[in-house]
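Each remark here refers to the structure printed beneath this line.
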Ligand SMILES: [Zn+2]
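In the numbering used here, the protein residues as written are 53 to 354.
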């Protein structure tokens, strides 16, 4: 069941991977979006449902996406995990969430791994815990032990003050040094609106051997193209994933901005899908008009 058409030709193949999206249960999405918009200077461009996300992906030619959840209190972990189980599909890869004050982070991470999910998201600002706070360590340790990805909000956040440094690049660098086995994906190129610090603390040979990756959401609209290109090359295209932060921004627009940066074809291929395929063990291809595919439970390792 490879999704191949007769003769082995691949029709309508989409490969692009979006490493940063959000979705909420259908009955909660409108309320969740309204609450988040209240603290945020801009409006969502999508309805925040899984159906809305898939339609946006179809329009932009995006094959697969990580769907990030954020538990703002420990009591939300259970419902988030249940939603992730329902959401999980060939195209949507939900990342569950563990709160730093979780009763038993190791057990929660084990449940998440057993559910076949690929990782968790932590958000130091919404979870009120600096990314390098000792309370986060149990999450990082358990995720590394289970081979799960941890994606972390990086840099500033429009919903919080400009001096809030709980997700600062230098703190992320500390986490990487303390947890060398952890696969860490830092959003917003490692530090939204903290670009100089990204260069100072996250670029260069010191962290190059580590399992540290970056995604691009909300960077290209905020930076001049030359600066985006420079940062991408300083961090290394092989460590960078495309990301949109849908429903807060449009996938198609950010993809167009990425493709207008005059990167090489190899650099673009790495960012659009190669890096994600490698770290998530994906096949790299998805047919956009799949006939019903029986799930044979086969999943690549990772
Ligand atoms: Zn986000």
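Here a beta-carbon is modelled for each residue, glycine too, at the ideal position from N, C-alpha and C.
Note that the coordinates shown come from a computational prediction; the quantities given were computed from them, not determined experimentally.
Taking DSSP's pairing of strands, which residues face residue i in a bridge?
| i | result |
| --- | --- |
| residue 69 | 116 |
| residue 293 | 267 |
| residue 203 | 173, 237 |
| residue 244 | 207 |
| residue 94 | DSSP output for residue 94 lists no bridge partner at all. |
| residue 298 | 73 |
If you follow the beta strand (DSSP E) that residue i is part of, which residue opens it and which one closes it?
| i | result |
| --- | --- |
| residue 144 | 144-149 |
Since I believe residue j is in contact with residue i (beta carbons under 8 angstroms), could you give me their beta-carbon distance rounded to a whole number of angstroms?
| i | j | result |
| --- | --- | --- |
| residue 115 | residue 143 | 7 angstroms |
| residue 100 | residue 75 | 6 angstroms |
| residue 185 | residue 152 | 7 angstroms |
| residue 307 | residue 263 | Not confirmed; about 26 angstroms, so no contact. |
| residue 366 | residue 292 | Lying outside 53 to 354, the shown extent of the chain, residue 366 is not represented and no answer is given. |
| residue 234 | residue 266 | The Cβ separation is near 15 angstroms, so there is no contact. |
| residue 34 | residue 332 | Only positions 53 to 354 of the chain appear in this structure, which leaves residue 34 out of reach. |
| residue 196 | residue 231 | 6 angstroms |
| residue 68 | residue 113 | 6 angstroms |
Hey, does residue i have any beta-carbon neighbour from chain E nearer than 9 angstroms?
| i | result |
| --- | --- |
| residue 117 | In the displayed structure, chain E is absent; only one protein chain is listed. |
With residue i as the anchor, note down where its alpha helix (DSSP H) starts and where it stops.
| i | result |
| --- | --- |
| residue 87 | 81-90 |
| residue 198 | 189-198 |
| residue 280 | 277-287 |
| residue 129 | 129-139 |
| residue 397 | Because the chain is modelled from 53 through 354, residue 397 falls outside the range shown and cannot be assessed. |
| residue 164 | 157-166 |
| residue 221 | 221-230 |
| residue 318 | 317-321 |
| residue 309 | 303-311 |
At least three beta-carbon pairs within less than 8 angstroms, the stretch 93-101 to the stretch 139-148: Taking one beta carbon from each stretch, the stretch 93-101 and the stretch 139-148 have fewer than 3 pairs nearer than 8 angstroms; the two do not touch.
The stretch 77-85 contacting the stretch 261-274, beta-carbon criterion three pairs below 8 angstroms: Verdict: no, contact absent.
Segment contact, 8 angstroms Cβ cut-off, at least three pairs: the stretch 205-217 with the stretch 159-179: Judged by Cβ distances under 8 angstroms, the stretch 205-217 makes contact with the stretch 159-179, as three or more pairs qualify.
Inter-stretch contact at 8 angstroms, needing at least 3 Cβ pairs: the stretch 194-209 / the stretch 238-245: With a cut-off of 8 angstroms, the stretch 238-245 and the stretch 194-209 count as touching, because enough Cβ pairs lie within range.
Given 8 angstroms, three or more beta-carbon pairs between the stretch 120-137 and the stretch 307-322: No, because fewer than three Cβ pairs between the stretch 120-137 and the stretch 307-322 fall closer than 8 angstroms, the two stretches do not touch.
Touch test, the stretch 243-253 against the stretch 128-142, Cβ-Cβ under 8 angstroms, three pairs minimum: Because the criterion of three Cβ pairs below 8 angstroms is not met, the stretch 243-253 and the stretch 128-142 do not touch.
Any 3 or more C-beta pairs closer than 8 angstroms across the stretch 295-314 and the stretch 251-263: The stretch 295-314, when compared against the stretch 251-263, does not touch it at the 8 angstroms Cβ threshold.
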